[in-house]
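J.: Here's a structure for you.
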Amino acid sequence: MQLVGYEPSGRGSALLLSDGSGDVDRRPLAAGDDLAYALGDRHCAGAVADGTHVSCDRPSAPYCDYHTNTWVCARCTGTCLKDEMDCDEEHAVYIAAFAPETFKVGVTKRRRLETRLREQGADRAAHVHTVSNGRVARELEADIATRLVDRVRTGPKVAALAAAVDETAWAAALREFDVIDRFEFDYGMALETRPVRETIASGTVVGVKGRLLVLVNGGTTYAVDMRDLVGYDLETGRSDRSLQSSLGSFG
């Protein structure tokens, strides 16, 4: 069985598993659930389309060159990189906050705004522009990105798990905008200390924030970037490899 994908918060939170037959099993990740998978070899996760998995045994992970999708819209700054522009529906430009004071500009289709923010694990967000298409949205994003970041790596997102948004810094970041709507998200995790970052698939689920899966294993709380799990062959049974423990687990 191979872990071939995941669904972040905002889309139900699940691991996607395949036994090589083409079927994809969705393993929901609800707080209190126990996961008991040991990680085996890792290789290309292939592709999942319309609920069917196409396997691949090439050694590159999580995807080989044949199965790496390049989403040109993610690199767009207003000049369309496709043969024909197809982002001609209403788009939103937003500022997302990751505690304590990382603020990211982004764009998405207006109808997907709240879902997109939850998929990223944003703590708070502000909708600052609504425009007629993606081209205009990307132009605005590129301009704002000269002052704010336009991507947030996993490290700051792990740090945000046990932090609160700096109110003063958040207010300052929004000062230049006429805010259309505000969002504040609760992922159901009250963590007092930052989890240890690890790549495991065994333990008790605390919750999911964006693509970060939070697990308790052996008295230590771990944060797992689910993308780091994609491509691994899984064996049923808890991992027996040594894990880094937090100092609190020895108290």
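Here the working numbering = 1-based position in the sequence shown + 29. Ideal placement from N, C-alpha and C gives every residue a C-beta, glycine not left out. Keep in mind the model is a prediction, meaning the values are calculated, not measured.
(1) Decide if the segment 80 to 96 is in contact with the segment 116 to 136; the criterion is three or more beta carbon pairs, one per stretch, under 8 Å apart.
(2) Using the C-alpha atoms, what's the distance from VAL134 back to ASP52?
(3) Using CA coordinates, which residue listed in VAL122, ASN162 and PRO224 is at the minimum distance from LEU203?
(4) Anyone know if the C-beta pair for THR159 and GLU119 falls short of 8 Å?
(5) Quick check on TYR95: buried or exposed, where buried means 16 or more other Cβ atoms within 10 Å of its Cβ?
(6) Enumerate in chain order the residues of its own chain whose CB-to-CB distance from LEU220 is below 8 Å, with the five nearest sequence positions on each side excluded.
(7) How many Å lie between VAL208 and GLU196 at the Cα?
(8) What residues are listed by DSSP as bridge partners for VAL136?
(9) Does ALA74 pass the burial test, meaning 16 or more other C-beta atoms within 10 Å, or should it be called exposed?
(10) Rounded to whole angstroms, how far is the Cβ of ALA67 from the Cβ of SER231, which I believe are closer than 8 Å?
(11) Which residue from ALA154, VAL194, ASP62 and ILE173 puts its Cα closest to that of VAL245?
(12) Following the continuous alpha helix (DSSP H) through THR197, name the residue where it begins and the one where it ends.
T.: Per the coordinate set shown:
(1) As far as the Cβ criterion goes, the segment 80 to 96 does not touch the segment 116 to 136, which means the pair count is below three.
(2) Here residue 52 corresponds to residue number 23 of the sequence shown, with the count starting at 1. Here residue 134 corresponds to residue number 105 of the sequence shown, with the count starting at 1. Between ASP52 and VAL134, the C-alpha separation is close to 37 Å.
(3) For the purposes of this step, residue 203 is taken as residue 174 along the sequence shown, with counting starting at 1. The shortest C-alpha separation from LEU203 is found at VAL122.
(4) Mapped onto the sequence shown, residue 159 falls at position 130. Mapped onto the sequence shown, residue 119 falls at position 90. For THR159 and GLU119, yes; Cβs fall inside 8 Å.
(5) The residue labelled residue 95 in the question sits at position 66 within the sequence shown. Exposed, since its Cβ has fewer than 16 Cβ neighbours within 10 Å.
(6) Stepping through the sequence shown from its first residue, residue 220 is reached at position 191. Cβ neighbours of LEU220 beyond the five flanking positions: LEU190, ALA191, VAL235, VAL243 and THR250.
(7) Position 179 of the sequence shown holds residue 208. Position 167 of the sequence shown holds residue 196. A straight-line Cα-Cα distance of about 16 Å links VAL208 and GLU196.
(8) Here residue 136 refers to the residue found at position 107 of the sequence shown. In the DSSP secondary-structure assignment, VAL136 is bridged to VAL122.
(9) Against the sequence shown, residue 74 aligns to sequence position 45. That one is buried.
(10) Reading the sequence shown from its first residue, position 38 is the one you call residue 67. Reading the sequence shown from its first residue, position 202 is the one you call residue 231. That pair is a contact at about 7 Å.
(11) Residue numbering aside, residue 245 sits at position 216 when the sequence shown is read from its first letter. Of ALA154, VAL194, ASP62 and ILE173, the smallest CA-CA separation from VAL245 is found for ASP62.
(12) As a working note, residue 197 is residue 168 in the sequence shown. Unbroken alpha helix (DSSP H) run through THR197: 196 to 203.
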